[in-house]
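S.K.:
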Amino acid sequence: MKTGDFFQVRTVLLLTALFLFSINYCFADELRLDKDTKIQKDIMQTGFKILNSNNIKKRMTFYYVSENKPKTKINSRLKRVYVYKGMMPYIEDENDLAAIISVETARLLDLRSDFFRMFSVSFSPRKYEIKADKKAVDLMVKAGYDPVALINILNKTSKEEKWFEYNIFHHNGSERMKNIYQYIYEKYPVYLAENKYIETDYYQNFLRLTKNDRKKVRNIQEQKIKKQGSKTTS
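Residues 1 to 234 (UniProt numbering) make up the sequence shown, in order.
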């Protein structure tokens, strides 16, 4: 093969390789955009289902952020709930998605309740965190979702600081899960009796870590029932 022919063939091969690479890159980029679009639609549909099912007459919107950070957040000024790409590996079904959206929706509703509440929540969010978790349970149930999913996903994502590292802004994940469990046990016990998460590793882990706490919850509820029974018979 002549030198000129060799360079010509090499040029053709190089251009072909570049062409194929560009096609693959565009195809991969298109697939990513299609996936992002589907996630955005899922987030919007779940968010608006929660709003409509709970007859919430305050407008808010729901957005997917393609930054690989495992978090959610709200913007009180724009009335928006954001779900980040980094949360997607932890979300296994619509109940999980509804759980994280419901918590942020509850927080946003609390911030929008009145002007002074916004400052109160901003300066002492720990105080309102458990309130938002309980409200999230109510929002999920009315929208037809399983509130136990909130425990399940918190066990996968929430922080657990050491006992001496008191956080003035947030509760530990274990504190939040125990409070949510107690609230479901008292108000929506059927979801615990017919618990579809009972076989998952994440919920089994929660059960192992909270055996004594759950026993206390049952004892408290039994005492309440006994007191109510004594009042009706007297």
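Heads up, the beta-carbon is just placed ideally off N, CA and C, and yes, glycines get one too.
Could one say the Cβ of Thr72 lies closer than 9 Å to chain C's Cβ atoms, at least one of them?
M.R.: No chain C appears in the structure shown, which is made up of a single protein chain.
S.K.: Thinking Ile39 and Tyr64 are a contact (beta carbons under 8 Å), I'd like their distance in whole angstroms, please.
M.R.: That belief holds up - the Cβ atoms of Ile39 and Tyr64 are roughly 5 Å apart, short of 8 Å.
S.K.: Can you tell me whether DSSP reads Tyr197 as helix, strand or coil?
M.R.: Tyr197: coil per DSSP, three-state reduction.
S.K.: If you draw a straight line from the C-alpha of Ile151 to the C-alpha of Ile74, how long is it?
M.R.: Their backbone Cα atoms lie some 21 Å apart in a straight line.
S.K.: Going straight from the alpha carbon of Arg77 to that of Thr157, what length do you get?
M.R.: Answer to the nearest angstrom: the Cα atoms are 26 Å apart.
S.K.: Just grab the DSSP bridge partners of Thr61 for me.
M.R.: In the DSSP output, where bridge partners are listed per residue, Thr61 has Arg80.
S.K.: Let me check understanding here. Comparing Cα to Cα, which of Lys227, Ala193 and Met177 lies closest to Arg208?
M.R.: Residue Met177 is the option with its Cα nearest to Arg208.
S.K.: When you compare each of Ser66, Leu154 and Lys57 to Asp34 by their alpha carbons, which one comes out closest?
M.R.: Comparing Cα positions, the closest option is Ser66.
S.K.: Between the alpha carbons of Lys127 and Asn179, how many angstroms are there, rounded?
M.R.: Using only the alpha carbons, I get a separation of about 13 Å.
S.K.: To the nearest angstrom, how far is it from the Cα of Ile225 to the Cα of Tyr185?
M.R.: The straight-line gap from Cα to Cα measures roughly 13 Å.
S.K.: Compare the C-alpha of Leu111 against each of Lys85, Val81, Ala98 and Ser53 and name the closest.
M.R.: Selected option, being the one with the closest Cα: Val81.
S.K.: Compute the distance between the beta-carbons of Leu192 and Tyr181, then report whether it is under 9 Å.
M.R.: Yes.
S.K.: If you check the beta carbons only, do Asn70 and Gly47 fall under 9 Å apart?
M.R.: With the sequence shown as reference, residue 70 is identified as Pro, and Asn is not the correct amino acid for it. No. Outside cutoff.
S.K.: Pick out whichever of Val148, Tyr90, Arg214 and Gln45 has its Cα sitting closest to the Cα of Glu194.
M.R.: Closest by alpha carbon: Val148.
S.K.: Applying the 10 Å Cβ sphere with the 16-neighbour rule, what's the burial state of Ile198?
M.R.: By the 10 Å Cβ count, Ile198 comes out exposed.
S.K.: Rounding to the nearest angstrom, what Cα-Cα distance links Gln221 and Val103 in this structure?
M.R.: One C-alpha to the other measures close to 25 Å.
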